[in-house]
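A.B. asks:
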Ligand code: C2E
Ligand code: MG
Ligand code: MG
Ligand code: MG
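Residue numbers (full-length UniProt numbering): 280 to 566.
1) Can you tell me the Cβ-Cβ gap for residue 389 and residue 420, rounded? I've got them flagged as a contact below 8 Å.
2) For the region 298-326, which segments carrying the alpha helix (DSSP H) assignment without a break, of at least 4 residues, lie completely within its bounds, in sequence order?
3) Report all residues from its chain with a CB closer than 6 Å to the CB of residue 555; omit the five preceding and five following residues, and keep chain order.
4) Using three-state DSSP, classify residue 492 as helix, strand or coil.
5) Pop quiz: residue 534 and residue 514 are said to be a contact at Cβ under 8 Å. What is the actual Cβ separation, rounded to whole angstroms?
6) Quick one: any contact between the region 423-435 and the region 447-456, if contact means 3 or more CB pairs under 8 Å?
7) My guess is that residue 494 and residue 480 are in contact by the Cβ rule of under 8 Å, so how many angstroms apart are they, rounded?
8) By Cβ distance below 7 Å, which residues in the same chain neighbour residue 404 in space, the five residues on each side in sequence not counted?
9) Here's the rule: buried if 16 or more other CB atoms are within 10 angstroms of the residue's CB, otherwise exposed. What is residue 484?
10) My parser needs the alpha helix (DSSP H) runs of 4 or more residues fully inside the region 376-430; what are they?
11) Could you give the DSSP three-state label for residue 509: helix, strand or coil?
12) By the 10 Å Cβ neighbour count, where 16 or more other Cβ atoms means buried, how is residue 550 classified, buried or exposed?
13) Could you check how far apart the C-beta atoms of residue 335 and residue 528 are, in whole angstroms? I think they sit under 8 Å.
14) Along the chain, where does the beta strand (DSSP E) containing residue 452 start, and where does it finish?
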């Protein structure tokens with residue numbers, strides 16, 4: 280009976296695996312043509328400073344699949360990486376994000392995520408500076424976000440790449456800090472401008488003293504090293520207030536705004552400006 284049971288379970292397993300594989304194959308094939316078919320688009324999520332003023336937006340990649348609808352990055356970026364497509368897609372993201380940011384207020388930055396394949400492509404830094412020239416976008420307004428995974432290999436070349444980007448005037452952020460292979464040697468050796476504390480430590484911030492201690496320490500550590508700190512995934516007013524009181528430089532998360540379509544940025548910016556002006560006591564008193 281046990282044998283029979285096992286066989287039945289094995290068959291169910293095989294069939295569902297087959298389905299998953301077929302779906303993956305389907306996704307993989309359509310991914311190859313997605314760029315030519317113009318199926319990618321970007322959403323933008325605001326970053327705010329300690330006074331809740333918008334300082335810029337992070338570009339987040341989405342894929343509008345003709346039949347499946349909008350596919351989140353987690354579902355296709357690893358596949359695109361594995362198939363060697365991410366360098367080309369990343370180049371599209373960079374150009375698209377810089378073009379979009381040309382329409383924003385002149386002090387706003389745009390942050391673009393880099394995948395390892397992109398970062399490790401020969402001539403990557405040349406391509407970045409060519410793109411900035413082509414679009415006419417100032418390097419100082421571009422931030423590139425990399426995760427620690429990107430830095431795992433080829434350490435000396437990585438340092439060269441980051442230094443070159445830095446010299447161009449581009450800001451460099453270490454994304455998802457505190458997860459994966461967090462190593463303090465990265466903070467010592469690489470020229471980051473900004474550390475982004477992973478949402479993992481923000482989620483339970485108000486109930487977990489360990490998270491509080493870790494976040495407090497990362498803020499102190501970053502400031503001691505001359506870097507700014509961003510908290511990712513801020514979802515509540517309580518978290519925002521706590522982080523602001525502790526001197527976190529920037530906040531990002533659904534509490535401030537979820538990622539939005541590029542067409543909504545103008546309205547979002549105008550609306551926030553209005554709200555801030557109206558809320559300012561000096562203005563309410565009026566002349
Ligand atoms: P990330 O760079 O750490 O981006 C933050 C992710 O958290 C985004 O997910 C964002 O939508 C989400 N998020 C922001 N605030 C909140 C919040 O308050 N609550 C919750 N639950 N989530 C929040 P998304 O857009 O699905 O992107 C996931 C990851 O995919 C990104 O993580 C990044 O690593 C990668 N990614 C996105 N766009 C690109 C891209 O253009 N190129 C590359 N290489 N990677 C990208
Ligand atoms: Mg990011
Ligand atoms: Mg992150
Ligand atoms: Mg992430």
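The C-beta atom is built at its ideal place from N, Cα and C for all residues, glycine as well.
C.D. replies: With the given structure in hand:
1) Contact flag correct, Cβ pair sits at about 7 Å.
2) none
3) At residue 555 the pLDDT is 49, less than 50, meaning the model places this residue with poor confidence; the figure from the coordinates comes in the next sentence. Nothing meets the Cβ criterion.
4) helix
5) 5 Å
6) yes
7) Indeed they touch by this definition, with Cβ atoms about 5 Å apart.
8) 440, 443 and 444
9) buried
10) Listed in chain order, the complete alpha helix (DSSP H) runs (minimum 4 residues) inside the region 376-430 are 395-399 and 403-414.
11) strand
12) exposed
13) Between residue 528 and residue 335 the Cβ distance is about 13 Å, and since that is not below 8 Å, they are no contact.
14) 450-456
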